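Working notes, structure below.
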Amino acid sequence: MFSNLTDKLETVFKKLRGAGMLSEKNIKDSMREVRQALLEADVNYKVAKRFVKSVQEKAVGESVLKSIEPGQQVIKIVHDELVSLLGNKAEPIAPIDKSPTVYMVCGLQGSGKTTLCGKLALMHRRKNKKPLLVAADIYRPAAVKQLKVIADSIAVEHFSLEGKKPPEICREAVKYAEKNFIDLVILDTAGRLHIDDELMTELEEIKEQVKPDELLLVADAMTGQDAVKVAEEFHKRLNITGVVLSKMDGDARGGAALSIREVTGCPIKLASIGEKLGDLEPFHPDRMASRILGMGDIVSLVEKAQETIDEGKAIEMQEKLLKAQFNFEDFLEQMNQIKKMGPLDGLLKMIPGVGKALKGVTVDEKNMERMVAIIKSMTIPERRNPGLIDGSRKRRIARGSGNSVQSVNQLLKQFYTMQKMFSNMNKGKFKGLPKGMMPF
Amino acid sequence: MFSSFDKLKKSLGKTKDRLIGQISQVVRRRKIDDDLLDEIEEILIEADVGVAATMRLIKSVKLKAKERKLTDGEDVLTLLKEEITVILARKGSPLFNENDPKPVVWLIVGVNGVGKTTTIGKLATKFSQDGKKVIIAACDTFRAAAIDQITIWAERSKVDIIKSQDGADPASVAFDAAKAAVARSADLLLVDTAGRLHTKANLMEELKKIKRVVNKAIPNAHIYSKLIIDGSTGQNAINQVKIFTEAVGCDGIIVTKLDGTAKGGVMIAVAEELGVPVDFIGLGETIDDLQRFDPTQFAEALCADG
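Each protein sequence line maps, in turn, to chains E and F.
So for the first sequence, the working numbering puts the first residue at 15; every next one is plus one.
So for the second sequence, the working numbering puts the first residue at 9; every next one is plus one.
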């Protein structure tokens, strides 16, 4: 996420670091590149211009006072400015403080509204609330069915009315919710163009009738310069209360989304980071700014790890690793732990510095699955003592897991290399390795 | 011919207002100089043409103006129109080759939410109206109710559809559909695939597999990969084209949702950088709103007066 922009700024500041002193000229030079990077990242032209101007003013003014580490100083200024562009602090989504609370979700076609509705429902169901998914998209073929399938898959109630107009459907849904002890009503509206007057009026009507507590605009992170126009128009007509960035797991630089915040003043509340219904995160401007600047998003990573990793197991694992005693069973366990944390490539990008180092590297989750399959085709004694695995066992394992003997060999080789590495580490050869680091 | 031009002009009206309209305003009673070109640069970037492509456009306009000794600001319009046409027309794109064996296969790919299914619905209608026998393969087995959606489109356009259940292996559906296309001597097999972000290696592998499997079912088939791009996409479109091309090739792109306020810009960037032809553009919700892309007409509509 945002890794391309990070690369750009890293190059810019490398140049700056080399310069030693921070003169007006080299700030100007680097700001030109910051501006270009922002534009390439789809940040709105005017927003980029304003941003660069304000950073430039601050940087030149301060450099005279304390030019000890000019590069660092500029990074800090750029960072602070980015944070303020992104909205300073994480704004939470409206709490469910009355029943029913109503969320209304709108946006262009294909921005990811229906999926987001599912994610919101799941998020609140996990907090023991009772959500209701309302199908107010009567235009796109099978949209009602899509929402129903999603609702069923997360055991959430679903509401639709045939032959009725969306404002009426929404009104009836709220009535239904009042009678049926629903905590949260989520209205999935049809995708529409911001310039489609008729359909925008329909949204105004829905809003008028149900008075939503949260009116969310879903914005595709890949959108170009036009994102600002879209957000402005939706905001003007509906007074939206928040923005959700969707498809954040792609490699879009996401600049346009940044400008939405700046131009409309609406907070970005959530980030949608994958196809699974659990892939929804709060949007944190400070972390995002750090991410843009290549400082990594270590806070999110730690939080994610805390949520999913069993600490006792982690300590146990660490001890095993240090004694070079770990075997394929531990290997499997660790894979499961990591898998619980979500898509690997997403995780890696959160680690400082990795974004850059991994440029062009794609994490193949299939490969991980293949490894798991191979290990699962081993007998328990084999897993505990890989030394047992001879040629005939290898052939059996290969057949059992649907892989070639070469893949089995590869995995074994990887395993032994790792074991050797940790045994060396234990002998003090790799003192620098941080505590708690995973072997892959 | 005229009516389609008018439609294009009308639908692109807003782009024109923003792009050429703005440009024609700034060039009025001006001389060609750096200030003027800076302002034009801003307008192009705000239309998603992208930094690199914009810089190159400006550079060649500057060069041509010098060559032809043009100094009048309004000449910039003519030069831009020429340049844009040249970039967009650089690579011709025949939809089919005359001697392609039947059935021809179109593999429709793209990231999530760009309008693949809708576009297939429109394409099916278009080609079956042209007298071709079309079969749709419903290979988006991932998104909830995607199969229902494409089935409705198949019914509307009265073409056959081969489908399975949600969650089925898309490659196996593709295989069955390819076999059916041969058996029913279809002219065109349209393969709908699930939206996928190009950054997901495993999903891109799945796409390769679909292509391989179709090739297995129809060994001499000509499989065209058509990439659908959302017209409001920014510079990420370039990455999309690059990575989808690496995976399954890209014989043409279809740019959808050009009836909003954002349009066209990134098309120029993609054509400029990667030379992939644009086959169709989507200008609205109805079937007739999917139009064959004509670079000259497009540039003309973009630059037309008033």
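Backbone N, C-alpha and C define an ideal beta-carbon position, used for all residues, glycine too.
Note that the coordinates shown come from a computational prediction; the quantities given were computed from them, not determined experimentally.
- Unbroken alpha helix (DSSP H) stretches of 4 residues or longer found wholly inside the region 33-92 of chain F: 42-54 and 59-75, given in chain order.
- DSSP places residue 283 of chain E within a strand segment (E or B) once states are collapsed to three.
- Distance from the CA of residue 349 of chain E to the CA of residue 392 of chain E, rounded to the nearest whole angstrom, comes to 16 Å.
- Taken in chain order, the complete alpha helix (DSSP H) segments of 4 or more residues contained in the region 98-162 of chain F are 124-137.
- Close partners of residue 163 of chain E in chain F (Cβ separation under 8 Å): 152, 153 and 174.
- Residue contact with chain E for residue 240 of chain F: present (Cβ-Cβ distance below 7 Å to some residue of chain E).
- The C-alpha of residue 217 of chain F is placed about 17 Å away from the C-alpha of residue 172 of chain F.
- Counting the other CB atoms within 10 Å of its CB gives residue 79 of chain F a total below 16, which places it among the exposed residues.
- When DSSP reads this structure, residue 300 of chain F sits in a beta bridge with F:288.
- The DSSP assignment places complete alpha helix (DSSP H) segments of no fewer than 4 residues inside the region 123-188 of chain E at 127-139 and 157-167, in order along the chain.
- Along the region 42-54 of chain E, the positions whose C-beta sits under 8 Å from a C-beta of chain F are 50, 53 and 54, read in chain order.
- At a cut-off of 7 Å between beta carbons, residue 178 of chain E makes no contact with chain F.
- Excluding the 5 residues flanking it on each side, residue 162 of chain E has same chain C-beta neighbours closer than 6 Å at 172, in chain order.
- At a Cβ-Cβ threshold of 7 Å, residue 128 of chain E and residue 202 of chain E count as neighbours.
- Residue 200 of chain F is bridged by DSSP to F:116 and F:146.
- What residue 56 of chain F touches in chain E, judged by beta-carbon distance under 9 Å, is 56, 238, 239 and 240, going in chain order.
- The straight-line gap separating the alpha-carbon atoms of residue 265 of chain F and residue 208 of chain E is approximately 12 Å.
- At least one CB of chain F lies nearer than 7 Å to the CB of residue 380 of chain E.
- Under the Cβ criterion of 7 Å, residue 253 of chain F is not counted among the residues facing chain E.
- If you ignore the 5 residues before and after residue 229 of chain F, its C-beta comes within less than 6 Å of the C-beta of 113, all in its own chain and listed in chain order.
- The shortest CA-to-CA distance from residue 236 of chain F to any of F:288, F:103 and F:90 is the one to F:288.
- Counting along the chain, residue 233 of chain F sits inside the beta strand (DSSP E) bounded by residues 231-238.
- The C-alpha of residue 196 of chain F lies about 6 Å from the C-alpha of residue 141 of chain F.
- Per DSSP, residue 190 of chain F is one residue of the alpha helix (DSSP H) stretching across 178-191.
- Less than 7 Å separates the beta-carbon of residue 276 of chain F from that of residue 95 of chain F.
- The Cβ atoms of residue 202 of chain F and residue 151 of chain F sit closer than 7 Å to each other.
- For the pair of segments examined, the region 151-168 of chain E was found to touch the region 145-162 of chain F: the number of CB pairs separated by less than 8 Å reaches three.
- Shown in chain order are the members of the region 126-141 of chain E whose Cβ falls below 7 Å from a Cβ of chain F: 126.
- When the beta-carbon positions are compared, residue 233 of chain E and residue 272 of chain E stay at least 7 Å from each other.
- Using a CB distance below 8 Å, the part of the region 212-226 of chain F facing chain E consists of 213, ordered along the chain.
- Here the C-alpha atom of residue 395 of chain E lies approximately 12 Å from the C-alpha atom of residue 407 of chain E.
- Going by C-alpha positions, residue 39 of chain E is about 14 Å away from residue 69 of chain E.
- In the three-state scheme derived from DSSP, where H, G and I count as helix and E and B as strand, residue 241 of chain E is classed as helix.
- Judged by DSSP secondary structure, residue 396 of chain E falls within the alpha helix (DSSP H) whose first and last residues are 394-398.
- If you check each beta-carbon in the region 256-281 of chain F against every beta-carbon of chain E, the ones closer than 9 Å belong to 264, 265, 267, 268, 269, 270, 271, 273 and 274.
- Annotation: the continuous alpha helix (DSSP H) that includes residue 215 of chain E extends over 211-224.
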